[in-house]
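Scroll down for the structure; my scribbles are underneath it.
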Amino acid sequence: MSTIVITGAGRGIGRELARAALAKGHMVYGSVRSEADAARLRDELGSALMPLVFDVTDRAAIAREAATIAGPVDILINNAGIIGPEPEKQSPLAMDFDGFAETLAINTIAPLAVSQGFLPTLRRSEHGRILTISSQMSSMTYRKADQIAYRASKAAVNKVMQGLATALEPDGIPVILINPGWVRTDMGGPSAALDAGDVAAGILTLAETLTLAQTGRFFLWSGEESAF
Ligand SMILES: NC(=O)c1ccc[n+]([C@@H]2O[C@H](COP(=O)([O-])OP(=O)(O)OC[C@H]3O[C@@H](n4cnc5c(N)ncnc54)[C@H](OP(=O)(O)O)[C@@H]3O)[C@@H](O)[C@H]2O)c1
Numbered sequence: 016m017s018t019i020v021i022t023g024a025g026r027g028i029g030r031e032l033a034r035a036a037l038a039k040g041h042m043v044y045g046s047v048r049s050e051a052d053a054a055r056l057r058d059e060l061g062s063a064l065m066p067l068v069f070d071v072t073d074r075a076a077i078a079r080e081a082a083t084i085a086g087p088v089d090i091l092i093n094n095a096g097i098i099g100p101e102p103e104k105q106s107p108l109a110m111d112f113d114g115f116a117e118t119l120a121i122n123t124i125a126p127l128a129v130s131q132g133f134l135p136t137l138r139r140s141e142h143g144r145i146l147t148i149s150s151q152m153s154s155m156t157y158r159k160a161d162q163i164a165y166r167a168s169k170a171a172v173n174k175v176m177q178g179l180a181t182a183l184e185p186d187g188i189p190v191i192l193i194n195p196g197w198v199r200t201d202m203g204g205p206s207a208a209l210d211a212g213d214v215a216a217g218i219l220t221l222a223e224t225l226t227l228a229q230t231g232r233f234f235l236w237s238g239e240e241s242a243f
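Positions 16 to 243 (the numbering used here) are the ones given, in order, by the sequence shown.
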């Protein structure tokens, strides 16, 4: 049984991660952004779910909520994210720069801030580990001009987490990135190829079995290595 912190647990992949982890008997802290969402999520997933209420861009709130956890945290999953401005407002020639900045704040900077905020709790564990949900759209192996704010934010979080993996390797804390595929959620839409429950189950298995040998790498939700 592990203690797991999941950001963005109120819906989508995050909620399915929380549901799957609870079903396996783990202790689950799920982050949401309001007390109302905390109450709703406990109604949906059961009272074993322990909500944390913070916006991932609010570093004071992250610190406050992390400090409420007295024991060790074994697994942190940085899942919260946004797609960014409307498609016609995030091309290289027509960019909503405020929206681009918000996308970077939530998708790139916040996962590092959350990781730093929960690091004291992860260090209390003998098996602390960090997973960050990135995207296939971060890949540098092909080029496209659409959804550049989102693509750039995920490419940047890959680099940030590769750096964090290197910094935490001497402490024995693995840090990896996850490519969840195209998933049926509010973000992925109803036509997406993958069921959020299946993807969450795969990510959870990766989290449970993660070793330092895998640190700094990018994995598909199903466990195969993914190209950056
Ligand atoms: N779905 C896909 O096909 C797909 C593909 C590749 C990568 N991903 C990535 O997978 C992760 C989860 O995506 P999803 O499809 O489950 O998205 P989703 O259904 O849109 O859910 C997004 C989650 O992130 C939370 N969130 C957004 N901004 C936040 C903030 N500032 N502070 C705290 N929480 C915040 C949301 O909370 P609220 O309910 O409070 O808004 C919600 O719980 C994201 O990182 C996404 O980029 C998804």
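A virtual CB, placed ideally from N, CA and C, is assigned to each residue, including glycine.
Taking the CA atoms as reference points, Ile21 sits about 31 Å from Met110.
The beta carbons of Tyr165 and Gln229 sit no closer together than 9 Å. Under the DSSP assignment, Tyr44 falls in the beta strand (DSSP E) whose first and last residues are Met42 to Val47.
Rounded to the nearest angstrom, the Cβ distance from Val198 to Val214 is 5 Å, consistent with a contact under 8 Å. Using a 10 angstroms sphere on the CB of Met152, the tally of other CB atoms reaches 16 or more, which defines it as buried.
Counting of Cβ neighbours within 10 angstroms places Pro66 among the buried residues, the total reaching 16 or more. Distance from the CA of Leu221 to the CA of Leu209, rounded to the nearest whole angstrom, comes to 17 Å. DSSP places Gln105 within a strand segment (E or B) once states are collapsed to three. DSSP, reduced to helix, strand and coil, places Leu192 within a strand of the structure shown.
Contact annotation: Ile19 and Met42 have beta-carbon atoms nearer than 9 Å. For the pair Gly143 and Val71, the CB atoms are not nearer than the 9 Å cut-off.
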